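Trainee:
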Amino acid sequence: MNDFRVRQTLNLNPALPCSSCVTTNRKNYYELITQNSFNICVCVCLFLLEIRFQFPQLTGVLTLAFFIHNCIITLLKNNKDQDNNVRDLCVAYMLVTLTYLYIGFLVFASFPSPPLSKDCIEQNFLDNFPSSDTLSFIARIFLLFQMMTVYPLLGYLARVQLLGHIFGDVYPSIFHVLILNLITVGAGVLMACFYPNIGGIIRYSGAACGLAFVFIYPSLIYIICLHQEKRLTWPKLIFHVFIMILGLANLISQFFM
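For the sequence shown, this note's numbering puts the final residue at 250, and the numbers step up evenly by one.
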């Protein structure tokens, strides 16, 4: 019976890439934002037990949090009332923070240690429950519906960032969009098959993307602007170069954790 329940849960996995291949081709994405807001019921947490030499794992995750601003700006551009952007963004960040703190603290505090070690806590908090647990199975169903709306949104953001800058149009043709979606969905499927480590994926991608968009580009652009205005000084140059070195060190350190 337990083996059947495990297979029953795992059989939901093919539904996500199949649905994503269809929904990521949508030209309009506004309905997905609304649906995704109602589907949020679980979140994935990366647990660090104490301050130690493995702290770069956390800095990789935090860098992804800063990098997500690049995507948020794209979404806020389409708000009907731009005057409410600050309010909406503050409310969204507050709700997300409370959700992560609530689930992360609750699972960490209620985990039976002893006799078990805190190291046994899975990065995906739903994996801490047995496959025969009814509520966790229901949560996975809702998580599947959430991913069906989140993944197309990520596909749209990738479309804006890549196709919009390369071709000057976020929807140049169905062929271009289809190729990009096949790449993004295929990358997700490959990671799920060969490296299903959520925390690792978050910190590697966060450190890599954040190196460019958090550490290098802002500092480099600021240095160039100061140089053009002839206001660049050695202390400012050294400080911003140091920031870029920190980003590079953050990325390199991820491979030694």
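We treat Cβ as the ideally placed atom computed from N, Cα and C, and that holds for glycine. These numbers were taken from a predicted model, which means no experiment stands behind them.
1. What residue from Asp162, Val89, Leu137 has the CA that sits closest to Tyr149's CA?
2. Where do the ends of the alpha helix (DSSP H) carrying Thr142 lie?
3. Roughly how many angstroms separate the alpha carbons of Arg72 and Arg152, rounded to a whole number?
4. In or out: Phe232 buried (at least 16 other Cβ within 10 Å) or exposed?
5. What is the DSSP secondary structure of Met255, reduced to helix, strand or coil?
6. Just to confirm, is the Cβ distance from Ile65 to Leu82 under 8 Å?
7. Going by beta-carbon coordinates alone, are Asn117 and Ile191 separated by less than 8 Å?
8. Going by other Cβ atoms of all chains shown within 10 Å of its Cβ, with 16 needed for buried, is Gln221 buried or exposed?
9. Quick check on Tyr164 - is its C-beta less than 8 Å from some C-beta in chain D?
10. Just mark Thr142 as buried or exposed, buried being the case when its beta carbon has 16 or more other beta carbons within 10 Å.
11. CB Thr56 to CB Gly157, shorter than 8 Å?
12. In terms of alpha-carbon separation, which member of Leu109, Val170, Leu88 lies closest to Gln154?
13. Considering only residues of the same chain and omitting the five flanking positions on each side of Val89, which have a CB-CB separation below 6 Å?
14. Taking the straight line between their C-alpha atoms, what separation do you get for Gln247 and Ala205?
15. Does the Cβ of Val84 have 16 or more other Cβ atoms within 10 Å, making it buried, or fewer, making it exposed?
16. Sort Ile245, Pro228, Arg196, Leu225 by Cα distance to Phe60 and report the nearest one.
17. Buried or exposed: where does Met140 fall if 16 or more other Cβ atoms within 10 Å of its Cβ makes it buried?
18. Give the straight-line distance between the Cα atoms of Ser129 and Val79, rounded to the nearest whole angstrom.
19. Apply the 10 Å Cβ neighbour rule to Tyr144 and answer buried if 16 or more other Cβ atoms are within range, or exposed otherwise.
20. Where do the N-terminal and C-terminal ends of the alpha helix (DSSP H) with Asp81 fall, by residue?
21. Do Ile236 and Leu225 have their C-beta atoms within less than 8 Å of each other?
22. Quick one: give me the first and last residue of the alpha helix (DSSP H) that Phe50 is part of.
Mentor: On the basis of the coordinates in this document:
1. Position 156 of the sequence shown, counted from the start, is the residue given in the question as residue 149. Minimum Cα distance to Tyr149 is reached at Asp162.
2. Position 149 of the sequence shown, counted from the start, is the residue given in the question as residue 142. Taken as a continuous stretch (DSSP letters only), the alpha helix (DSSP H) holding Thr142 covers 127 to 151.
3. For the purposes of this step, residue 72 is taken as the residue at position 79 of the sequence shown. For the purposes of this step, residue 152 is taken as the residue at position 159 of the sequence shown. Checking the displayed sequence, the identity of residue 72 turns out to be Asn instead of Arg. Cα-Cα distance, rounded: 18 Å.
4. For the purposes of this step, residue 232 is taken as the residue at position 239 of the sequence shown. Exposed, since its Cβ has fewer than 16 Cβ neighbours within 10 Å.
5. No answer is possible for residue 255: the residues shown for the chain start at -6 and end at 250.
6. Looking up residue 65 in the sequence shown gives position 72. Looking up residue 82 in the sequence shown gives position 89. In contact: Ile65 and Leu82 (Cβ atoms closer than 8 Å).
7. The residue you call residue 117 lines up with position 124 of the sequence shown. The residue you call residue 191 lines up with position 198 of the sequence shown. Taking 8 Å as the Cβ cut-off, Asn117 and Ile191 qualify as a contacting pair.
8. Locating residue 221 in the sequence shown gives position 228, where the first residue counts as 1. So Gln221 ends up on the exposed side.
9. Included in the structure is just one protein chain, with no chain D present.
10. By 1-based counting over the sequence shown, the position of residue 142 is 149. Flag for Thr142 reads buried.
11. To locate residue 56, count along the sequence shown from 1; it is residue 63. To locate residue 157, count along the sequence shown from 1; it is residue 164. No; because the gap between Cβ atoms is not below 8 Å, this pair is not in contact.
12. Locating residue 154 in the sequence shown gives position 161, where the first residue counts as 1. Closest by alpha carbon: Val170.
13. Here residue 89 corresponds to residue number 96 of the sequence shown, with the count starting at 1. Same-chain partners within the cutoff: there are none.
14. Residue numbering aside, residue 247 sits at position 254 when the sequence shown is read from its first letter. Residue numbering aside, residue 205 sits at position 212 when the sequence shown is read from its first letter. Gln247 and Ala205: Cα-Cα distance of roughly 16 Å.
15. Taking the sequence shown and counting its residues from 1, the one referred to as residue 84 is at position 91. Per the 10 Å Cβ criterion, exposed.
16. Taking the sequence shown and counting its residues from 1, the one referred to as residue 60 is at position 67. Phe60 has its Cα closest to that of Arg196, out of Ile245, Pro228, Arg196, Leu225.
17. Residue 140 sits at position 147 when you count from the first residue of the sequence shown. Counting Cβ neighbours within 10 Å, Met140 comes out buried, since at least 16 surround it.
18. What you label residue 129 is simply residue 136 of the sequence shown in a count that begins at 1. What you label residue 79 is simply residue 86 of the sequence shown in a count that begins at 1. Whole-angstrom Cα-Cα distance: 35 Å.
19. On the sequence shown, position 151 is the one that residue 144 refers to. So Tyr144 counts as buried.
20. By 1-based counting over the sequence shown, the position of residue 81 is 88. Counting along the chain, the alpha helix (DSSP H) containing Asp81 begins and ends at 78 to 103.
21. The count along the sequence shown starts at 1 and reaches residue 236 at position 243. The count along the sequence shown starts at 1 and reaches residue 225 at position 232. No, Cβ-Cβ distance for Ile236 and Leu225 is not below 8 Å.
22. The sequence position of residue 50 within the sequence shown is 57, counting from 1. Strictly speaking, residue 50 in this sequence is Gln, with Phe absent from that position. Unbroken alpha helix (DSSP H) run through Gln50: 49 to 60.
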